[in-house]
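To start, the structure under review is shown below, and the notes come after it.
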Amino acid sequence: MSELASKYDPTQVEESLYKNWKDSGCFVPSKKAGAKPYTIVIPPPNVTGILHMGHALNNTIQDILIRWKRMQGQDVLWVPGTDHAGIATQNVVEKSIAKEGKKRQDLGREAFLEKVWEWKEQYGGRILYQLERLGSSCDWNHTRFTMDEGLSDAVKEVFVRLYEEGLIYRGSYIINWCPRCQTALADEEAPREEAQGKLYHIKYPIYENSRFEGQSYEPESPSLNLQDGDAFIEVATTRPETLLGDTAIAVHPEDERLAQYIGKHALLPLVGRKIPIIADTMVDLEFGTGAVKITPAHDPADFQTGKRHDLAFINVMTDDARMQGVSPAYEGLDRFECRSKIIIDLEMQHFLGPVDEHAHNVGHCYRCHTVVEPRMSPQWFVSMQKLAEPAIKAVKDGDLRFSPNRWSKVYLNWMENIQDWCISRQIWWGHRLPVWYCDPCAGKGGDTAGVVVSKQTPDGCPKCGNEKLRQDPDVLDTWFSSWLWPFSTLGWPEKTEDLERFYPTNTLVTAPDIIFFWVARMVMAGFYCMGKQPFSDVYIHGVVRDITGRKMSKSLGNSIDPLEVVDQYGTDALRYTLITSTAIGQDIFLAEERFLVGRNFANKLWNATRFVLSKTDGAIDCSLPEKASLTLADKWIVSRLQHTIKQVTRSLEQFMLNEAATTLYDFIWKDFCDWYIEIAKVQSREGDEAQTQRVLFFVLENIYRLLHPFMPFVTEVLWQQVQGQDAETAFSSTNPSIMTAEWPKAHSAWMDEVAEAQLESFKKVIVSIRNTKAELNVGRDKKPSILLRTENEDMASFLTQQIPLLQSLAQVGEVTVDAKADRPEASAASVVDGIEVFVLLAGLIDVSAERERIHGRVVELTQVLQGMEKRLNNKQFVDKAPDEVVAEARSKKAQVQETLQKFEAHLKVLETLV
RNA sequence: GGGCGGUUAGCUCAGUUGGUUAGAGCGCUACGUUGACAUCGUAGAGGUCACAAGUUCGAAUCUUGUAUCGCCCACCA
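With my numbering applied, the first sequence corresponds to residues 2 to 915, in that order.
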């Protein structure tokens, strides 16, 4: 048997092992007949992505589930891939050509897209390679990209279907416009952030019965200003520059203060345009002045009001948010410059009222953080309400489950208040809309006149035969391809075998921030295209944060690079620490030191194996010997193993991965290494060595399999060692990988409550002796004699058998088991589980130093005991609580009493030794 | 303005359906190189479970309220 190094070095094995797995086809679905499929589709990382801790956590969770299900014999498919990430990727390439002083417009659409594809070919695989380093067992043959031919076909297919059913429409609405990216954004792409702004009060002169009435004012030469005595109505706004586009003032119909103005007109300051004063319930009586300036082309609420009252829509800005076409005084100014100038002008002409500090929420572009401009613009939309219906029902009926369940509320709340989805983007990188326009036909008939929607590039206009059709320059929102991901990756709209076998998928593992963007929309698309929900479980894991609670991000510079962790501690350590750190759905606050825990754990297992292997020279037998020939300790560890198998499996079924991981940790470290291996050393020396070896290997081999989904590398290496195989040569049916080994099953026949109880008692005896030795400062090299007394004959005979074990584990000398023996002179006594333990101390310790310390502890424990007695003397407790609870309370009280007695005995012992 | 989550040992976190001495890792203290592991072992110190009231024989756990930190949603201009 080859010698193992004294330390586990992950860098030695990980890379070649991963390659061997991959080359040997271990990640490919087995397609075994009768095997139930289990499918996960990866949340496709952006092609621009660089692996961060969030990815590491997300993929570790998926890989654990995948490896576990694979070992359970299911036909497992994990579909990897990347997302083309429209705006993000375009930004990256724009930045890179900016270094050469170029803009995308300089290159033109085609040449620019070529650049993007070049970039994608060069760097787009980077994130996938990084996923490999995490040990991800994806089927790389199934790798997909949202702009692959097949997926693009799916996008067009859905667009055309939705259009033909009237669920996609084009129209002018208020959208979020990013002036830097120069594109529309969906609501979800423009998250609001609180900003400290100002609320400007502006006075609009009343037109009727004023000195202005009957005069006309040229907008080009605004000459009005406000004078004392002029009647005016005051409004409040945070964006004064938009007044250039005002087409009304609204007051609440029940506002008595302002009712006199309804139906009259006001003059727009600085411009002189006459605008109506209307009544509308959109106005909040409590806020501001009670009057609202209405700018229908630049505010969503105003837009609705404008529609209701048939107001004019005046767009006052260009695509890059410069003022346009309203007033020569402001023409071409940036919106914020214009704001400053307008305020000064308002002040000069006495229109400005008070200016208040005002905290409000402002939308920002999720890609470049520019303040978005709400703006009316012609865009394409998906009508969502109908699509949402089955997606709501599935969650309400429990067919689609969220873990933790609370996210289903968030999902339902969004779904039930769903807004139409703006899907057109004015960028170049992405799926171009399958929409063409016939200019001659436009305007003849309804909205759809001159619009041709088709999967194939049309030869000409079906109405007039015009061959010069113009394709819509816009591309689709990135999420318009990712919402199809669970089935487009499997071949849809083709009817493929994959689709037949692996759809619907099973578990979706993702972070909470894309529930709306992605999860909700996938559910809708799944029902719409496939008639079935795309997955049955959605596991929402936490967000990875640094120790101060901030989200880890590159820009904050507070992120821990997972690849550096892998280099330093190993992939298994990274995975183990991430998993134990994340209780279901809770955010992780991660400090780098925690990876030591994972590293040490891998090393512990490595060394346990090293020890067991070092005692073996022949063939390794991992099978369990006949039950009759097992020692008590053997039965105990085998029984503990069964419980561990049961609990780990159950935890995995409930997505409680951290619990599964810590259960394994405790079993491996405490039960197996701290106790069983130590026992095995004595058993090998004093008893049947070969037999003990078999038990050691049996348990170890089960441990590797249980731990494999969590720590795939070290478990594979050690399992191969124990199997006498070679992890370097290709895996096959004759040289199998642990990946295809069977997930352990718990056998109730091997559970042995008696053995567990006896060994637990035995452990307590040992701990008690160690404790006494430490409490009384007996030197480690000194081996006191021990007397054990128990009335229980089974226990007595069992203890007698374990004397050599006891001597070795507790470091004691002569041991006597005798129920009838007198209490020895100068001995410390304690009682555990009905066994009286006497440690003979004469001549072994220095007394006077210990006495005071122990006295203190006696006082302490006495108090505890008083509390417990009070409880047990409570008649209601004894009468009403379940019997076993009362019994347990009694036994615990007895325990405390025993401990107390032990210390009191210590004191007496000390007296006798003076 | 609504909704959700957190508050447990010096630090980072667990804690199943309420059950009586509240757990782990790190850190700390003492001892230790007994034939795997110092990335280790043995033993120990350390917590009025944010606060208040309530339900109960019994609350870290359930109810209500308060404080505080954080997240999400929302057309107070």
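Note that beta-carbon positions come from the ideal geometry of N, C-alpha and C, so glycine has one too.
**Item:** At least 3 beta-carbon pairs within less than 8 Å: the segment 809 to 817 vs the segment 751 to 761
**Value:** no
**Prompt:** From K464 to L108, what distance separates their C-alpha atoms?
**Reply:** Residue 464 sits at position 463 when you count from the first residue of the first sequence. Residue 108 sits at position 107 when you count from the first residue of the first sequence. Distance between the alpha carbons of K464 and L108: 35 Å.
**Prompt:** What's the call for C182, buried or exposed, on a 16-neighbour Cβ count within 10 Å?
**Reply:** The count along the first sequence starts at 1 and reaches residue 182 at position 181. Burial call: buried.
**Message:** How far does the alpha helix (DSSP H) with F714 in it extend, from its first residue to its last?
**Reply:** Taking the first sequence and counting its residues from 1, one reaches residue 714 at position 713. Here the alpha helix (DSSP H) through F714 covers P713 to Q724.
**In DSSP terms, what H266 is bridged to** = Position 265 of the first sequence, counted from the first residue, corresponds to residue 266. Answer is P277.
**Asked** Touch check for the segment 39 to 53 and the segment 68 to 83: three-plus C-beta pairs under 8 Å?
**Response** yes
**Request:** List the endpoints of the continuous alpha helix (DSSP H) containing G599.
**Result:** As a first step, residue 599 must be located in the first sequence, where it is residue number 598. Run containing G599: F596 to S615, per the alpha helix (DSSP H) assignment.
**Request:** Please list, in chain order, all residues of the same chain as R61 whose beta carbon is under 7 Å from its beta carbon, the five residues on each side excluded.
**Result:** Translated into positions along the first sequence, residue 61 becomes position 60. The amino acid occupying residue 61 in the given sequence is Thr; Arg does not appear at that position. Closer than 7 Å at the Cβ level, and outside the excluded window around T61, lie L135, R576, L579 and I580.
**Request:** For the alpha helix (DSSP H) holding V755, just list the boundary residues, first then last.
**Result:** Working through the first sequence from its first residue, we reach residue 755 at position 754. From DSSP, the alpha helix (DSSP H) with V755 extends over E754 to E776.
**Continuous alpha helix (DSSP H) stretch holding V544: start and end** = Mapped onto the first sequence, residue 544 falls at position 543. Unbroken run through V544: none, as it is neither H nor E.
**Message:** Which residue marks the beginning of the alpha helix (DSSP H) containing E16, and which one marks its end?
**Reply:** On the first sequence, position 15 is the one that residue 16 refers to. Note, E16: alpha helix (DSSP H), P11 to D24.
**Item:** Three or more C-beta pairs below 8 Å linking the segment 374 to 381 and the segment 294 to 305
**Value:** yes
**Message:** Measuring only the C-alpha atoms, how far is A827 from V816?
**Reply:** Taking the first residue of the first sequence as 1, we reach residue 827 at position 826. Taking the first residue of the first sequence as 1, we reach residue 816 at position 815. C-alpha separation (whole angstroms): 16 Å.
**Asked** Roughly how many whole angstroms lie between the Cα atoms of V544 and S582?
**Response** Looking up residue 544 in the first sequence gives position 543. Looking up residue 582 in the first sequence gives position 581. Each residue's alpha carbon lies about 11 Å from the other.
**Asked** Below 8 Å between beta carbons: does that hold for G1 and G431?
**Response** Nothing can be reported for residue 1: it is not among the residues displayed for the chain, which extend from 2 to 915.
**Prompt:** For the 8 Å Cβ check, are there 3 or more pairs between the segment 588 to 608 and the segment 21 to 34?
**Reply:** no
**Prompt:** What is the residue span of the beta strand (DSSP E) that K294 lies within?
**Reply:** Along the first sequence, one-based indexing puts residue 294 at 293. Per DSSP, K294 belongs to the beta strand (DSSP E) from A292 to I295.
**Request:** May I ask you to report which of helix, strand or coil DSSP gives W484?
**Result:** In the first sequence, residue 484 corresponds to position 483, counting from 1. Coil.
**Item:** Neighbour-count burial assignment, E221, 16 or more Cβ in a 10 Å radius
**Value:** One-based indexing of the first sequence puts residue 221 at position 220. Since pLDDT at E221 reaches only 47, below the 50 mark, its modelled position is unreliable, and the value read off the structure follows with that caveat. Its Cβ having fewer than 16 others within 10 Å, E221 is exposed.
**Message:** Measuring straight from C-alpha to C-alpha, what distance separates M148 and S733?
**Reply:** Taking the first sequence and counting its residues from 1, one reaches residue 148 at position 147. Taking the first sequence and counting its residues from 1, one reaches residue 733 at position 732. Their backbone Cα atoms lie some 35 Å apart in a straight line.
**Prompt:** Taking the C-alpha atoms as reference points, what is the distance between E776 and R641?
**Reply:** Counted from its first residue, the first sequence places residue 776 at position 775. Counted from its first residue, the first sequence places residue 641 at position 640. Spanning the two alpha carbons is a distance of roughly 30 Å.
**Message:** Taking 6 Å as the limit between beta carbons, can you name the residues of its chain near P254, skipping five residues before and five after?
**Reply:** In the first sequence, the residue the question calls residue 254 occupies position 253. Correct list, in chain order: A280.
**Item:** DSSP state of P379 mapped onto helix, strand, coil
**Value:** For the purposes of this step, residue 379 is taken as residue 378 along the first sequence, with counting starting at 1. Note: P379 maps to strand in three-state DSSP.
**Prompt:** Can you tell me whether DSSP reads E194 as helix, strand or coil?
**Reply:** Sequence index remark: in the first sequence, residue 194 carries index 193 (1-based). Of the three classes helix, strand and coil, the one that applies to E194 here is strand, per DSSP.
**Request:** Under 8 Å by Cβ, that's how I've got G82 and T144 pegged, so tell me the actual separation to the nearest angstrom.
**Result:** Along the first sequence, one-based indexing puts residue 82 at 81. Along the first sequence, one-based indexing puts residue 144 at 143. Yes, G82 and T144 are in contact; Cβ-Cβ is about 5 Å, under 8 Å.
**Prompt:** Should M2 go down as buried or exposed, given a rule of 16 or more other Cβ atoms within 10 Å for buried?
**Reply:** Taking the first residue of the first sequence as position 1, residue 2 is located at position 1. Any answer about M2 is weak, because its pLDDT of 43 lies below 50 and its placement is not dependable; what the coordinates show is given next. Exposed: under 16 other Cβ atoms inside 10 Å.
**Asked** Per DSSP, which one or two residues make a beta bridge with E235?
**Response** In the first sequence, counting from the first residue as 1, residue 235 sits at position 234. K204.
**Message:** Tell me the DSSP secondary structure of Y677 in three-state form.
**Reply:** Along the first sequence, read from residue 1 onward, the residue named residue 677 stands at position 676. Three-state result, Y677: helix.
**Prompt:** Sorted by chain position, which residues of the same chain lie with C-beta nearer than 8 Å to L18's C-beta, five sequence neighbours on each side aside?
**Reply:** Translated into positions along the first sequence, residue 18 becomes position 17. So the qualifying residues of the chain are F714, E717, V718 and A728.
**Prompt:** What runs of the beta strand (DSSP E), each 3 residues or longer, lie entirely inside the segment 30 to 82?
**Reply:** 38 to 42 and 76 to 80
**Prompt:** DSSP on E221, reduced to helix/strand/coil?
**Reply:** Here residue 221 is taken as the residue at index 220 of the first sequence, counted from 1. Per-residue confidence for E221 stands at a pLDDT of 47, beneath the threshold of 50, marking its modelled position as unreliable; no derived number is given.
**Request:** Could you tell me how far apart the beta carbons of T248 and A313 are, in whole angstroms, since I believe they sit closer than 8 Å?
**Result:** The residue labelled residue 248 in the question sits at position 247 within the first sequence. The residue labelled residue 313 in the question sits at position 312 within the first sequence. That belief holds up - the Cβ atoms of T248 and A313 are roughly 5 Å apart, short of 8 Å.
**Asked** Rounded C-beta distance between V566 and F596? I'm assuming under 8 Å.
**Response** Walking along the first sequence from the start, residue 566 turns up at place 565. Walking along the first sequence from the start, residue 596 turns up at place 595. At roughly 5 Å, the Cβ-Cβ gap stays under 8 Å, so V566 and F596 are in contact.
**Request:** Note down the Cα distance separating G264 from R258, rounded to an integer number of angstroms.
**Result:** What you label residue 264 is simply residue 263 of the first sequence in a count that begins at 1. What you label residue 258 is simply residue 257 of the first sequence in a count that begins at 1. Going from the Cα of G264 to the Cα of R258 covers about 14 Å.
**Extent of the continuous alpha helix (DSSP H) to which T663 belongs** = Taking the first residue of the first sequence as 1, we reach residue 663 at position 662. Counting along the chain, the alpha helix (DSSP H) containing T663 begins and ends at L658 to Y666.
**Prompt:** In the structure shown, what three-state DSSP assignment does R110 receive?
**Reply:** As a working note, residue 110 is residue 109 in the first sequence. It is helical.
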